[in-house]
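One structure is given here, and the rest of the page talks about it.
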Amino acid sequence: MTTPWRRLATAAVGVVATSGLYLHWKGREELLESVFQPWTDLTAQVVFTLLGWSGAEVVRQGTIFSHPGGFSYEIFYGCTALLPCAVLVFTLLARNDPTPSLLRGLALGIPFLLALNLFRLVHLFHVGVNQPAYFPLAHDVLWRMVMVAGVIGAWLLAIRARGEARPSVGGAVDSPSLT
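Okay, so the sequence shown: first residue is 154 according to my numbering, each after it adds one.
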């Protein structure tokens, strides 16, 4: 049995290593882009479809989206939600849950994060078209906070799916409810 500190260290090492590789591998962006290109292309295709459904006027050239009014943005590997999904995987692996619980948590959490990210990309396009001055704030602050909250929410959803006992307000342990 692993201690809580060992599980925390496992999660921290996995998250830091993934983040370091994914976000700060300076000079090797081309390698990361080529590795993640199929996922980036798929994300761009889904976003293009969702933008069409939302009524947006959009032109797509590969992973670059443009509006006739002049706004454009590009989806690259950092826009694909792979990092939030990796963080979720490491934090769930660190819990040392039985395999069925782990798989159930991943089956709930990863689609949630991917859907949240797609909503983020569609929203950011609309912000860029309709309120371009707010795009940097929405992209760099608002949506980063929402994605962090999304990872935490997905993790809590995964724990809830396991049905484990949780502390009540008074400190006693409640058994999981069936509601």
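For every residue, glycine included, the Cβ atom is placed at its ideal position computed from N, Cα and C. As the structure is a computational prediction, the values presented were derived from the model and not from experiment.
For I217, the three-state DSSP class (helix, strand or coil):
Walking along the sequence shown from the start, residue 217 turns up at place 64. Residue state, collapsed to three classes: strand.
Alpha carbon of S207 to alpha carbon of M298, nearest angstrom:
Within the sequence shown, residue 207 is the residue found at index 54, counting from 1. Within the sequence shown, residue 298 is the residue found at index 145, counting from 1. C-alpha separation (whole angstroms): 24 Å.
Mind checking R313: buried by the 16 CB within 10 Å criterion, or exposed?
As a first step, residue 313 must be located in the sequence shown, where it is residue number 160. By the neighbour-count rule (16 or more Cβ atoms within 10 Å), R313 is not buried but exposed.
Given 8 Å, three or more beta-carbon pairs between the region 266-276 and the region 224-239:
yes
Using the Cβ count rule (16 or more neighbours within 10 Å means buried), how would you classify A302?
Here residue 302 corresponds to residue number 149 of the sequence shown, with the count starting at 1. A302 comes out exposed.
4 or more residues per run - each alpha helix (DSSP H) lying fully within the region 226-306:
235-247 and 252-283
Outcome for G258 when other beta-carbon atoms lying within 10 angstroms are tallied against a minimum of 16:
Locating residue 258 in the sequence shown gives position 105, counting from the first residue. Flag for G258 reads buried.
What did DSSP end up calling V166 once you bin it into helix, strand or coil?
Position 13 of the sequence shown, counted from the first residue, corresponds to residue 166. Reduced to three states, the DSSP call for V166 is helix.
Is V199 helix, strand or coil when you go by DSSP?
Here residue 199 is taken as the residue at index 46 of the sequence shown, counted from 1. The answer is helix: DSSP assigns V199 an H, G or I state.
Use the C-beta contact count for P237: other C-beta atoms within 10 angstroms, 16 or more gives buried, fewer gives exposed.
Start at 1 with the first residue of the sequence shown, and residue 237 comes out as number 84. Result: buried.
My understanding is that W308 touches L241, with C-beta atoms under 8 Å, so please give their C-beta distance in whole angstroms.
Position 155 of the sequence shown holds residue 308. Position 88 of the sequence shown holds residue 241. Confirmed, about 6 Å.
Measure the Cβ-Cβ separation of A291 and V280 and say whether it is below 7 Å.
The sequence position of residue 291 within the sequence shown is 138, counting from 1. The sequence position of residue 280 within the sequence shown is 127, counting from 1. Yes, the Cβ-Cβ distance between A291 and V280 is below 7 Å.
Out of E183, Q214, N283 and V304, state which residue places its alpha-carbon closest to the alpha-carbon of A197.
Stepping through the sequence shown from its first residue, residue 197 is reached at position 44. It is Q214 whose Cα lies nearest to the Cα of A197.
Opposite A188 in the DSSP bridges: which residues?
Locating residue 188 in the sequence shown gives position 35, where the first residue counts as 1. In the sequence as displayed, the identity of residue 188 is Val instead of Ala. V188 pairs with nothing; no bridge assigned.
Let me know if W192 comes out buried or exposed under the rule of 16 or more other beta-carbons within 10 Å of its beta-carbon.
Walking along the sequence shown from the start, residue 192 turns up at place 39. It counts as exposed.
What's the C-alpha gap between M154 and A162?
Within the sequence shown, numbered from 1, the residue matching residue 154 stands at position 1. Within the sequence shown, numbered from 1, the residue matching residue 162 stands at position 9. Note that M154 scores a pLDDT of 48, beneath 50, so its modelled location is shaky and nothing firm can be said.
Closer than 8 Å by C-beta to F218: which residues in its own chain qualify, once you throw out the five before and the five after it? Chain order, please.
For the purposes of this step, residue 218 is identified with residue 65 of the sequence shown, where counting begins at 1. Answer for F218: A197, V200, F201, L204, V211, V212, S225, Y226, E227, I228 and F278, listed in chain order.
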